[in-house]
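Going by full-length UniProt numbering, the residue at position 58 of the sequence shown is 58; the numbering climbs one at a time, nothing skipped.
For reference, the structure discussed in these notes is given below.
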Amino acid sequence: MSIKIDQQTCVGCQRCVNICPGSLPAMNEAGKAFMAYPKDCWGCMACIKECPVGAIAYFLGPDMGGLGGTMKARRDGQYWNWEYTSPTGESQTIVVNAQESNKY
């Protein structure tokens with residue numbers, strides 16, 4: 001499992017840097033976020049939820065039930081739209097009420 005930050009999409013808002021409980025993302029000279037310590041990430045996904053432009057993806061390794069693929073989150077009002085894309089390119093979206101997800 002690993003977090004990847006798309007340099008093309010990142011707007012340099014630093015929200016991922018500020019929210020990460022492990023202080024793992026950092027800013028580069030171009031003002032874009034990157035994972036300074038990717039191996040230390042435990043996958044809390046706070047940065048994915050916080051990113052306003054969807055520049056951060058969670059790559060699921062084969063240890064996740066052999067699935068692989070990526071997971072991205074986008075906020076849509078009171079809902080989170082979690083999009084899973086398999087290694088073959090198929091995608092599925094799971095919609096979660098943001099109010100309910102904050103309880104856990």
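The beta-carbon is built from N, C-alpha and C at its ideal position, and this holds for glycine as well.
Based on the DSSP secondary-structure assignment, which residues constitute the bridge partners of residue i?
i, result
"T85", "T70, S91"
"V96", "W80"
"D75", "As written in the sequence, residue 75 is Arg, which differs from the Asp given in the question. According to DSSP, which records beta bridges pairwise, R75 is partnered with W80."
Output needed for residue i: all residues of its chain with C-beta closer than 6 Å, excluding positions within five of it in sequence on either side, in chain order.
i, result
"P34", "The sequence given here places Phe at residue 34; Pro does not occur at that position. Excluding positions up to five away in sequence, the list reads I5, N28."
"Y49", "Sequence inspection shows Lys at residue 49; the Tyr mentioned does not correspond to that position. The residues are A73."
"S86", "G69"
"V53", "T9, V11"
"N81", "R74, T93, V95"
"S91", "E83, T85"
Ignore the nearest five residues each way along the sequence and tell me which others in residue i's own chain have a CB closer than 7 Å to its CB.
i, result
"A55", "I5, D6, T9, C10"
"A46", "I19, C20, P21"
Ordered along the chain, which non-local residues of its own chain (more than five positions away) have a Cβ less than 8 Å from that of residue i?
i, result
"K32", "I5, Q7, C10, G12"
- request: Could you tell me which uninterrupted alpha helix (DSSP H) segments, each at least 4 residues in length, are contained entirely in the region 17 to 65, listed from first to last along the chain?
  value: 46 to 50
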